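To get my numbering, take the position in the sequence shown, counting from 1, and add 6. Glycine is no exception: its CB is placed at the ideal position from the N, C-alpha and C atoms. The structure displayed is predicted, hence computed values, not measured ones. The block underneath contains the structure these notes are about, expressed in structure tokens.
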Amino acid sequence: MNKVQYVIAPSLAFMYQKSVKPVLFRYDPENVHDCITALSRMTGENPITRGAVKTAMAYNSPLLEQDIKGVHFSNPIGLSAGFDKNALLTDFIPALGFGFMEIGSITGEPCKGNDKPRLQRLPKSKSILVYYGLRNDGANAISARLKNKNFKLPIGTNIAKTNSRAACDDKVGVADYVKAFKAFKEIGSYFTVNISCPNTYGGQPFHDARRLDALLTALDSVVTKKPVFVKLSPDLPDDQIDAIINVASRHRVDGFICSNLTKNRDNSNIKDINLNDAGGLSGKVVEELSNQMIAKMFQKTDGKYVIIGVGGVFTAEDAYRKIRLGASLVELITGMIYLGPQAIGQINRGLVKLLKRDGFENISEAVGVDNPIRSRV
């Protein structure tokens, strides 16, 4: 399989850049996403087409395998939440060579999301402006769809509070999270508690320490053996990060996801003009903010928490940078949209080359080696 991927991947990359992407980028990005989702779902449901995709795309190596909090990851590259909102692609995504994936964000109640337009490509910035507003079918419908399903890779269930005026009330918001949490307590491999969506009613109230404490207290009452991660905004000041770490230390929190979309438009990496008024920015615009947060979280917590790095991963070097700063796992979406689905296997192959170059026998040995905390060990 690895030999086939080695031969085919460069041709697929060339084809995507020269033929496929120019066509896709002519059309509305949300319509394209919905069409790609439908096609990918059909491909994933057929074992022949699914197997053909896996042979062409996936790359495997024991150097990339890790066991983290009782979950086995075949490689550190995952699909971030936001691509498969309704968990329709759990058969297809493993064939692309991902080591894990997150579904959602999933809310307690069904959510239609914000008004369109909800996506804007920023090609000069290698970014996407996202304003979906947590569109999804709701916890009950999605969990029923996945009940008794055998997954081929670790599934992270990303939960958030419903994007509605009613859920702006703290008690209602907490109850909404708990409903989604309970619906998936027997489904998937880990939870992500998303407190950082930038596109909802009421903003990001659970970045506040008091509110976060109330939320995590409620989630602690739900019995589950699955690891729990908290997903944070890249726009948080240091004092708020410190407060969140302090709260997390008193609850069932195993790690952090760094980071979500940035709302900050005062960013030198934004090269495009005429941006839509609302939304959060992904891709290269958020990369350095994500890397800074990974380094801070790893250093501030003495490496005691598992960190999943998200933001601006297009190449093996991008992923490796996050890992060396302190991320054990790395997620992406935007890089795949701009480079093509073969990029996942290419990133994993590139990571193996980088590990061998630097004398590491496993990806876990590289975690945090560039972080200042290591100089104190």
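Judged by DSSP secondary structure, A181 falls within the alpha helix (DSSP H) whose first and last residues are D176 to A189. In the DSSP annotation of this structure, F20 is not part of any beta strand (DSSP E); the continuous alpha helix (DSSP H) holding it starts and ends at N8 to M21.
Here the alpha carbon of A301 sits roughly 11 Å from the alpha carbon of V375. Positions of the beta strand (DSSP E) runs, each at least 3 residues long and wholly inside the segment 72-121, are given as 72-74, 77-79, 83-85 and 106-113 in order along the chain. With a cutoff of 8 Å on beta-carbon distance, I74 and V312 are scored as near each other. The residue from L159, P211 and S195 with its alpha-carbon nearest to that of Y183 is P211. In this structure K328 is in contact with V319, their Cβ atoms being roughly 7 Å apart against a cut-off of 8 Å. If the five residues before and after P204 are omitted, its C-beta is found closer than 6 Å to the C-beta atoms of L267, K269 and G286, all from its own chain and listed in chain order.
Counting only runs of 3+ residues, the beta strand (DSSP E) found wholly inside the segment 126-158 occupies 133-136, in chain order. Using a Cβ-Cβ distance cut-off of 8 Å, the segment 192-202 and the segment 122-130 are not in contact, since fewer than three pairs of beta carbons, one from each stretch, lie closer than that value. In the DSSP assignment, L287 forms a beta bridge with L135 and T268. Excluding the 5 residues flanking it on each side, S296 has same chain C-beta neighbours closer than 8 Å at P240, C264, S265, G315, V316, G317, G318 and K328, in chain order.
Comparing C-alpha distances from L135 to each of E294, D278 and A322 shows the shortest one belongs to D278.
Around R141, the same chain offers K91, C117, K118 and G119 as residues with beta carbons nearer than 7 Å, after the five sequence neighbours per side are excluded.
In the pairwise beta carbon analysis, the segment 105-115 is classified as touching the segment 146-164: at least three pairs are separated by under 8 Å.
Between L95 and P82, the C-beta spacing is not below 8 Å.
Using a Cβ distance threshold of 8 Å, P233 and D260 count as a contacting pair. DSSP, read as helix, strand or coil, puts E337 in strand.
Taking 8 Å as the cut-off, the beta carbon of K167 is found no closer than this to the beta carbon of K290. Nearest to D121 by C-alpha distance, out of G105, V358, G139 and G114, is G139.
In the DSSP assignment, F262 is bridged to V236 and I313. In this structure M63 touches Q348 by the C-beta definition: roughly 6 Å separates them, less than 8 Å.
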